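Student: Can you read through this structure? Questions will come right after.
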Amino acid sequence: HLLKFLISSFCMPLFLHLLFVLFLYHSPPEVVIPLKLPRTGRGMKPPGMLSYSLHFGVFTYTDQGALLEEKPFVQNDCYYHGYVEGDLESLVALSTCSGGFQGLLQINSIVYEIEPMDFSPKFEHLVYKMDETQFPTTKSDIMQEDTVHQLEFQETDNYTLKQSSYVGWWVHKFLVEMAVIVDHTLYLHYEKNVSKLQDDLYVIVNIVDSIYEVMGIKLLLLGMEVWTEKNYFEVGDISRSLKQFCEWKSKNFAPRVSHDTAHLFTYKTLRGLTGLGFVAGLCKSHRNCAVVTCVNKTLSIIGIAMAHHLGHNLGMFHDADECKCAHPTCIMRYDNPPITQFSNCSYNFFWEYSIRQAKCLMYTVHTKDVFTMKRCGNGIVEEEEECDCGILRSCSKDPCCLSNCTLSFGSICAFGLCCKDCEFLPSGRVCRKKVNECDLPEWCNGTSHMCPDDVYVEDGIPCNSSAYCYEKSCHNRDEQCRQIFGQEAKSANNSCYKRVNTKGDRFGNCGFKDFSYVKCDSSDSLCGRVQCENVTKIPLLSDHSTVHWTRVNGAICWGIDYHFGMTTPDIGDVKDGTECGPEHVCIHRKCVHLSRLDSNCSPKFCNMRGICNNKHHCHCNYMWDPPNCLIRGSGGSIDSGPPPKREKIKKIYVLGFVLFWLIVLLCCLLLLFTASQLQSHFLYCTLHFRNHISAVPALYL
8 HLLKFLISSF CMPLFLHLLF VLFLYHSPPE VVIPLKLPRT GRGMKPPGML SYSLHFGVFT
68 YTDQGALLEE KPFVQNDCYY HGYVEGDLES LVALSTCSGG FQGLLQINSI VYEIEPMDFS
128 PKFEHLVYKM DETQFPTTKS DIMQEDTVHQ LEFQETDNYT LKQSSYVGWW VHKFLVEMAV
188 IVDHTLYLHY EKNVSKLQDD LYVIVNIVDS IYEVMGIKLL LLGMEVWTEK NYFEVGDISR
248 SLKQFCEWKS KNFAPRVSHD TAHLFTYKTL RGLTGLGFVA GLCKSHRNCA VVTCVNKTLS
308 IIGIAMAHHL GHNLGMFHDA DECKCAHPTC IMRYDNPPIT QFSNCSYNFF WEYSIRQAKC
368 LMYTVHTKDV FTMKRCGNGI VEEEEECDCG ILRSCSKDPC CLSNCTLSFG SICAFGLCCK
428 DCEFLPSGRV CRKKVNECDL PEWCNGTSHM CPDDVYVEDG IPCNSSAYCY EKSCHNRDEQ
488 CRQIFGQEAK SANNSCYKRV NTKGDRFGNC GFKDFSYVKC DSSDSLCGRV QCENVTKIPL
548 LSDHSTVHWT RVNGAICWGI DYHFGMTTPD IGDVKDGTEC GPEHVCIHRK CVHLSRLDSN
608 CSPKFCNMRG ICNNKHHCHC NYMWDPPNCL IRGSGGSIDS GPPPKREKIK KIYVLGFVLF
668 WLIVLLCCLL LLFTASQLQS HFLYCTLHFR NHISAVPALY L
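So for the sequence shown, the numbering used here puts the first residue at 8; every next one is plus one.
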């Protein structure tokens with residue numbers, strides 16, 4: 008049944024016939040043959056979700072003490088998170104990078120570790136049941152020195168809230184940028200195999216990442232250093248070692264790799280402890296660290312220990328007796344049991360800390376900074392590839408691109424807005440149409456598969472009678488209200504904006520600063536959160552959103568909230584570029600004059616025959632050529648690509664003109680013919696009637 012749960016939880020059917028041997032320590036092994044099961048339900052999250060920095064580096068040292076840095080190949084499409092199908096409280100963190108399963112499975116509060124059996128011809132695996140009663144008693148500790156600095160966040164009233172429930176916890180999103188340093192003793196334990204160290208570290212971080220997923224925390228591994236020659240301080244007394252490590256990494260490692268926290272892995276015993284970490288040390292360069300021992304521990308146990316000490320860094324203390332989770336004990340208990348669940352106390356500790364002190368945890372990861380493996384077949388054209396049609400099935404349907412990421416014979420292109428039927432579209436063909444009055448069209452140049460960069464009307468140009476263009480949009484508060492509350496809604500009066508947005512809470516503010524809401528000045532109140540009236544229905548919003556209303560001078564003002572930690576777009580803030588007075592617009596929650604907008608172009612510069620684009624170049628009207636719209640031509644700008652030539656356009660207009668009058672002439676002829684037919688029919692009927700009258704007998708006259 009365990010294996011059925013395991014295989015069925017994957018996000019794709021696994022065409023594997025694996026032989027698992029269960030070793031519950033001294034209990035007899037059970038041999039089972041797992042079956043292939045079809046995918047059902049949501050399953051696990053897709054592979055490739057273990058994140059690394061774009062410049063992820065592994066640092067080592069030469070025998071002369073010189074520092075070396077490598078940019079290793081990281082296979083990141085073989086890590087899985089998820090849960091066992093049918094049990095949302097379960098947890099799965101697996102790697103298949105080595106060809107087998109390696110990682111952790113927690114179900115019914117029991118944690119199993121899975122690893123491939125070495126040199127097994129039948130692809131056998133070992134599954135260990137990690138029961139806290141079957142492990143030597145180990146404890147965790149927290150750094151007790153400098154408590155004034157560490158425990159500042161405890162000054163709030165009722166900070167523990169130990170009896171409060173975390174059921175229905177509203178998950179916010181946080182990002183922890185992490186680094187790991189491996190000391191010389193662990194390097195020797197791995198027989199100086201840095202590659203094996205790297206692989207096991209990735210498995211451990213994947214486990215920690217999966218444990219913290221329930222709290223909305225994402226781990227981003229930025230770097231790793233291995234002390235290949237010696238330890239750079241004596242790793243002995245754990246308290247002194249932690250202090251020395253923090254000092255060393257602040258001076259030597261932090262200048263090379265920016266991070267939120269760094270953990271030292273060692274193969275030395277630490278007074279019977281699993282490790283030591285500063286409480287609430289994140290975002291403090293001299294305390295954002297921990298030490299973890301790896302002596303006689305499996306990867307899953309190391310991962311759970313690392314998660315425990317990361318919890319200390321995140322503001323969590325050890326659980327007291329009244330702290331509860333689904334298991335009788337939780338991950339932050341002092342003896343660090345093999346449990347993956349956090350207690351209600353841990354949630355509250357972290358929430359208090361993250362809101363008040365952990366500014367560095369704000370979720371600001373940018374996809375361009377995250378490493379993804381470059382390879383032919385991922386559907387993304389990279390570096391020297393001519394094209395990339397993706398998986399083999401897609402390539403078989405693509406006439407322009409081959410599976411080896413090269414163009415097929417005779418093909419000039421395989422993708423792009425200016426590529427059709429494996430050829431470039433002709434010059435002057437529209438490749439990106441104008442979508443609104445603040446946008447501008449682009450045309451193909453006939454020599455490239457790529458459409459020119461998207462250009463649009465310069466910021467500050469009037470639009471929609473009373474608004475201004477800003478970054479390709481024409482924003483106004485009435486339209487925002489209609490988008491949120493329906494077509495009958497409209498922007499409220501100014502008194503609503505002043506009353507609500509000058510409060511500085513999640514319903515009315517002018518942004519965030521230092522984890523606090525900023526009160527709007529009266530002059531900027533129209534640039535805070537949008538306030539609406541004439542609302543006839545409550546909208547269906549995403550989870551974690553709140554609708555509120557306020558009565559001001561007899562009118563009801565409606566709005567929605569937004570607060571720290573949310574990753575969904577904020578639809579309730581007044582958008583930049585929205586008008587807030589005559590020749591004034593909202594920019595970054597401030598009502599500023601249009602002259603504050605960056606502009607090096609004007610209609611006069613375009614000789615009143617065009618409009619300025621966002622690159623401060625003239626986009627000329629038809630019949631005038633860029634750059635200054637002085638010479639007759641076809642229009643457009645130096646950024647938009649060549650529009651159709653005047654002659655071609657003229658021919659089109661002439662042809663259209665001729666066709667129009669030809670159609671008019673045909674219609675007239677048709678009308679004349681119809682009238683002639685009607686006249687002939689009328690004459691015939693008249694003559695027939697007269698003949699009938701003349702034939703009537705005189706007797707009846």
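Just so it is clear, CB atoms sit at the ideal spot from N, CA and C, and this is done for glycine as well.
Predicted model only: the values in this text are computed from it and were never measured.
1) Taking a contact to mean a Cβ-Cβ separation below 8 angstroms, would you say H316 touches S257 in this structure?
2) Find out if the Cβ-Cβ distance for the pair I308, M137 is shorter than 8 angstroms.
3) Pick helix, strand or coil for D531, following the three-state DSSP scheme.
4) For L195, which residues in the same chain have their Cβ closer than 8 angstroms to its Cβ, ignoring the five residues on either side in sequence?
5) Which word fits V671, buried or exposed, when buried means at least 16 other C-beta atoms lie within 10 angstroms of its C-beta?
6) Only counting runs of 4 or more residues, tell me where the alpha helix (DSSP H) segments fall wholly within the region 439-506, in order along the chain.
7) Whose CA, out of N541, V559, K611 and S532, lies closest to the CA of V581?
8) Apart from the five residues on each side of it in sequence, which residues of its chain come closer than 7 angstroms, Cβ to Cβ, to G518?
9) DSSP state of F519, grouped into three classes?
10) If you draw a straight line from the alpha carbon of N614 to that of N635, how long is it in whole angstroms?
11) What span of residues does the alpha helix (DSSP H) with M313 cover, start to end?
12) For P41 and F130, what's the separation of their Cα atoms in angstroms?
13) What's the call for F357, buried or exposed, on a 16-neighbour Cβ count within 10 Å?
14) Here's the rule I'm using: 16 or more other beta-carbon atoms within 10 Å means buried, otherwise exposed. How should P589 be labelled?
15) Among R439, K440, C451 and S102, which residue has its Cα nearest to the Cα of E430?
16) According to the neighbour-count rule (16 or more other Cβ atoms, all chains shown, within 10 Å of its Cβ), is A312 buried or exposed?
17) By the 10 Å Cβ neighbour count, where 16 or more other Cβ atoms means buried, how is A287 classified, buried or exposed?
18) Whole angstroms is fine: what's the gap from L677's alpha carbon to L666's?
19) Taking Cβ positions, are T347 and V118 nearer each other than 8 angstroms?
20) Assign S530 to one of two classes, buried (16 or more other C-beta atoms within 10 Å of its C-beta) or exposed (fewer than that).
21) What would DSSP say about S552, mapped onto helix, strand or coil?
22) Kindly indicate which three-state DSSP category M222 falls into: helix, strand or coil?
23) Out of curiosity, what's the CA-to-CA distance linking T336 and N351?
24) Taking a contact to mean a Cβ-Cβ separation below 8 angstroms, would you say L604 touches H591 in this structure?
25) Can you give me the Cβ contacts of C488 inside the same chain, cut-off strictly under 6 angstroms, excluding the 5 residues immediately before and after it?
26) Are the beta-carbon atoms belonging to G643 and C627 less than 8 angstroms from one another?
27) A682 by DSSP, collapsed to three states: which one?
28) Would DSSP call T167 helix, strand or coil?
29) What did DSSP end up calling V155 once you bin it into helix, strand or coil?
30) Hey, is the region 470-482 in contact with the region 437-452, meaning 3+ C-beta pairs nearer than 8 angstroms?
31) Indicate whether V554 and I567 have their beta-carbon atoms separated by less than 8 angstroms.
32) In three-state DSSP terms, what is G423?
33) Mind checking which residues open and close the beta strand (DSSP E) that includes H88?
34) Closer than 6 angstroms by C-beta to K375: which residues in its own chain qualify, once you throw out the five before and the five after it? Chain order, please.
35) What does G110 pair with, by DSSP beta-bridge criteria?
36) Determine which residues share a DSSP beta bridge with H270 and list them.
Tutor: Taking the coordinates as given:
1) Not a contact, by the Cβ cut-off of 8 angstroms.
2) In contact: I308 and M137 (Cβ atoms closer than 8 angstroms).
3) Note: D531 maps to helix in three-state DSSP.
4) Excluding residues within five positions, the ones whose Cβ falls inside 8 angstroms are Y274.
5) That one is exposed.
6) 484-492, all fully within the region 439-506.
7) Out of N541, V559, K611 and S532, S532 has the C-alpha closest to the C-alpha of V581.
8) Result list for G518: V525 and R596, in chain order.
9) Taken through DSSP and simplified to helix, strand or coil, F519 comes out as strand.
10) Using only the alpha carbons, I get a separation of about 7 angstroms.
11) Start and end: L306 to N320.
12) Its pLDDT being 38, under 50, P41 is placed unreliably in this model, and the value from its coordinates should be taken loosely. The alpha-carbon atoms of P41 and F130 are separated by roughly 12 angstroms.
13) Buried: at least 16 other Cβ atoms inside 10 Å.
14) Around the beta carbon of P589, fewer than 16 other beta carbons sit within 10 angstroms, so the residue counts as exposed.
15) Of R439, K440, C451 and S102, the smallest CA-CA separation from E430 is found for C451.
16) Under this definition A312 is a buried residue.
17) With 16 or more neighbouring CB atoms inside 10 Å of its own CB, A287 falls in the buried class.
18) One alpha carbon belongs to L677, the other to L666, and they sit about 16 angstroms apart.
19) When the beta-carbon positions are compared, T347 and V118 come within less than 8 angstroms of each other.
20) Flag for S530 reads exposed.
21) Of the three classes helix, strand and coil, the one that applies to S552 here is coil, per DSSP.
22) In the three-state DSSP reduction, M222 falls in the helix class (H, G or I).
23) Rounded to whole angstroms, T336 to N351 spans 12 angstroms at the Cα level.
24) It is not a contact, given that the beta carbons lie outside the stated cut-off.
25) Within the same chain, C488 has close Cβ partners A496, K497, S498 and C539.
26) Contact: yes.
27) Of the three classes helix, strand and coil, the one that applies to A682 here is helix, per DSSP.
28) Reliability fails at T167, whose pLDDT of 39 lies under 50, so the model's placement of it is uncertain and the value that follows must be treated cautiously. Secondary structure of T167 (DSSP, three-state): coil.
29) Only weak support exists for where V155 lies, its pLDDT of 33 falling under 50; the coordinates are left without a value.
30) A contact is defined here as three or more CB-CB pairs under 8 angstroms, and the region 470-482 meets this definition with respect to the region 437-452.
31) Closer than 8 angstroms, so yes.
32) The answer is coil: DSSP assigns G423 none of H, G, I, E or B.
33) Annotation: the continuous beta strand (DSSP E) that includes H88 extends over Y86 to G89.
34) Below a pLDDT of 50, predicted positions are generally treated as unreliable, and K375, at 43, falls in that range; the measurement from the model is reported next regardless. Nothing meets the Cβ criterion.
35) Answer is L101 and I121.
36) Under DSSP, H270 shares a beta bridge with V187 and A297.
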